[in-house]
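K.L.:
Have a look at this one.
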Amino acid sequence: MKAVFKRTDGLLNVPMHYCPGCTHGILHRLIAEAMCELDILHRTIGVSSVGCTYNNYEYFACDMVQAAHGRAPAVATGVKRVHPSKSVFTYQGDGDLAAIGTAEIIHAAARGEKISVFFANNAIYGMTSGQMAPTTLIGQVTATSPFGRDPDTQGHPINVSEMIATLPGAVYVERVSLHDYRHIVQAQKAIRKAFQVQEAGLGFSLVEVLSTCPTNWGMDPKSSMDWVAEAMIRQYPLGLFRDPKLEERK
Amino acid sequence: MPRIEFNQDLCKGCGLCLSACPQRLIQLRKNRLNDKGFHPAYVEQADRCAGCGVCATICPDLVIKVWR
């Protein structure tokens, strides 16, 4: 009998501070496992952002840098250009990547920086207690949209993956979800692929991961997972938007 | 025989494993609080566990270890 599932070496043996049922823990594990499987843990540098994951340098076993709010792709650009032999990833939430960091992510993708971006989209600002984010769905109630997001005054949600996929520098863009076992396995493949694309020196890769925020959505963890499946996927359809193999076929 | 083990002090009692288990074998220990102050999850009928690992995959806090 052997252990078929145990704590990955890519994560340090410390408890995580996330709320019960928050999918950040799953995403941390998937990234850590991908680094171990590809045997790049010892030469990976991660960039943590601002938001609930601000101190994920405490959890990952690779080297980490903390960037100012939204600036993780800019910091990762610098790290990658100084250390081209290292694998560099950023871990960003939607408040970080899709709001204050919009300029950085678009230009990093446009320049085709050889970095991997993992974008956890939970449609709300988690850490600051549930304000409306650029990715908040139409009609979704948050602390700053108490009557539901109204597109007339508060605009429409931003589909980051579709937007980034229009840039030629972005070679691999996929949206995945973590709401059940099957989708977690698919997310695992996408994260591994993002690192592989970077290792092959092909260009910029982004994986958008639909995540939950049970605390600020005001739901229990199971209902949050169901809400991702029912509501979020309707606004943010899963799928592959840019793939190096698809480009070859064109 | 397959076996799963819960690191009960890491568990936050979110209950995602309860609904993920195809056999519904996992329960929260309502009469116990762990170090964090949550009711930790455990397997009630361990002999029926097939060791599929679905609970461990969905667990956000890496509480579960699976042997098969």
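Sequence order for the protein chains is E and Y.
Here the first sequence is numbered in my numbering, starting from 434 and rising by one per residue.
Here the second sequence is numbered in my numbering, starting from 34 and rising by one per residue.
Glycine residues also receive a C-beta, built at the ideal position from the N, C-alpha and C atoms.
Just so we're clear, the structure is a prediction, and the values are computed from it rather than from any experiment.
Can you tell which of Y:Gly84, Y:Val87, Y:Gly86, Y:Phe39 has its C-alpha closest to the C-alpha of arginine 62 (chain Y)?
P.N.:
Y:Phe39
K.L.:
When you compare each of E:Ala436, E:Cys455, E:Lys435, E:Val447 to tryptophan 650 (chain E) by their alpha carbons, which one comes out closest?
P.N.:
E:Cys455
K.L.:
Find the nearest neighbour of isoleucine 478 (chain E) within the set E:His457, E:Pro453, E:Arg514, judged by alpha-carbon distance.
P.N.:
The option with the nearest alpha carbon to isoleucine 478 (chain E) is E:Arg514.
K.L.:
Quick test of your reading: valine 87 (chain Y) and tyrosine 614 (chain E), contact by CB under 8 Å. State the CB separation rounded to the nearest angstrom.
P.N.:
5 Å
K.L.:
Looking only at its chain, what residues have a beta carbon closer than 8 Å to the beta carbon of histidine 475 (chain E), apart from the 5 residues adjacent to it on each side?
P.N.:
Cys495
K.L.:
Where do the N-terminal and C-terminal ends of the alpha helix (DSSP H) with arginine 81 (chain Y) fall, by residue?
P.N.:
Per DSSP, arginine 81 (chain Y) belongs to no alpha helix (DSSP H) and is neither H nor E.
K.L.:
Taking 8 Å as the threshold (beta carbon to beta carbon), is phenylalanine 39 (chain Y) in contact with chain E?
P.N.:
Closer than 8 Å: no.
K.L.:
Give the residues from the region 459 to 471 of chain E that approach chain Y closer than 8 Å (Cβ to any Cβ), ordered along the chain.
P.N.:
Correct list: Ile459, Arg462.
K.L.:
Which bits of chain E does leucine 58 (chain Y) rub up against, with CB to CB less than 7 Å?
P.N.:
The contacting residues do not exist; leucine 58 (chain Y) stays about 15 Å from chain E at best.
K.L.:
For the 8 Å Cβ check, are there 3 or more pairs between the region 62 to 73 of chain Y and the region 668 to 676 of chain E?
P.N.:
no
K.L.:
How many Å lie between cysteine 47 (chain Y) and glycine 511 (chain E) at the Cα?
P.N.:
39 Å
K.L.:
Compare the C-beta of threonine 456 (chain E) with all C-beta atoms of chain Y and state if any pair is closer than 8 Å.
P.N.:
yes
K.L.:
To the nearest angstrom, how far is the alpha carbon of lysine 45 (chain Y) from that of proline 601 (chain E)?
P.N.:
43 Å
K.L.:
Give the list of continuous beta strand (DSSP E) stretches no shorter than 3 residues that lie fully inside the region 487 to 517 of chain E.
P.N.:
For the region 487 to 517 of chain E, whole beta strand (DSSP E) runs of length 3 or above, ordered along the chain, are 496 to 499.
K.L.:
Could you tell me which residues DSSP puts in a beta bridge with glycine 607 (chain E)?
P.N.:
Just to set this straight, residue 607 (chain E) is glutamate in the shown sequence, not glycine. Within the DSSP secondary-structure output, glutamate 607 (chain E) pairs in a beta bridge with E:Val640, E:Leu673.
K.L.:
Taking only beta-carbon positions, decide if cysteine 47 (chain Y) is within less than 8 Å of chain E.
P.N.:
Output row for cysteine 47 (chain Y): interface = yes.
K.L.:
Any C-beta of chain E sitting closer than 8 Å to the C-beta of lysine 63 (chain Y)?
P.N.:
no
K.L.:
Can you tell me which of E:Val480, E:Arg462, E:Ala531 puts its alpha carbon nearest to the alpha carbon of leucine 444 (chain E)?
P.N.:
Scanning E:Val480, E:Arg462, E:Ala531 for the CA closest to the CA of leucine 444 (chain E) turns up E:Arg462.
K.L.:
If we count Cβ pairs, one from each stretch, closer than 8 Å, do we get three or more for the region 513 to 527 of chain E versus the region 547 to 561 of chain E?
P.N.:
yes
K.L.:
Sort out for me which residues DSSP pairs threonine 403 (chain E) with in a bridge.
P.N.:
A question about residue 403 (chain E) goes unanswered here, because the residues of chain E that appear run from 434 up to 683.
K.L.:
Is any beta-carbon of chain Y found at less than 8 Å from that of leucine 635 (chain E)?
P.N.:
no
K.L.:
Using 8 Å as the threshold, is the C-beta distance between tyrosine 669 (chain E) and asparagine 554 (chain E) below it?
P.N.:
With contacts defined as CB atoms closer than 8 Å, tyrosine 669 (chain E) and asparagine 554 (chain E) qualify as a contacting pair.
K.L.:
Would you report the Cα separation of glutamine 629 (chain E) and alanine 620 (chain E), rounded to the nearest angstrom?
P.N.:
14 Å
K.L.:
What residue from E:Ser482, E:Asn592, E:Ile533, E:Asn489 has the CA that sits closest to valine 508 (chain E)'s CA?
P.N.:
Relative to valine 508 (chain E), the option among E:Ser482, E:Asn592, E:Ile533, E:Asn489 whose CA is nearest is E:Ser482.
K.L.:
Just to confirm the assignment: which complete alpha helix (DSSP H) runs, minimum length 4, are found wholly within the region 442 to 479 of chain E?
P.N.:
The DSSP assignment places complete alpha helix (DSSP H) segments of no fewer than 4 residues inside the region 442 to 479 of chain E at 457 to 470, in order along the chain.
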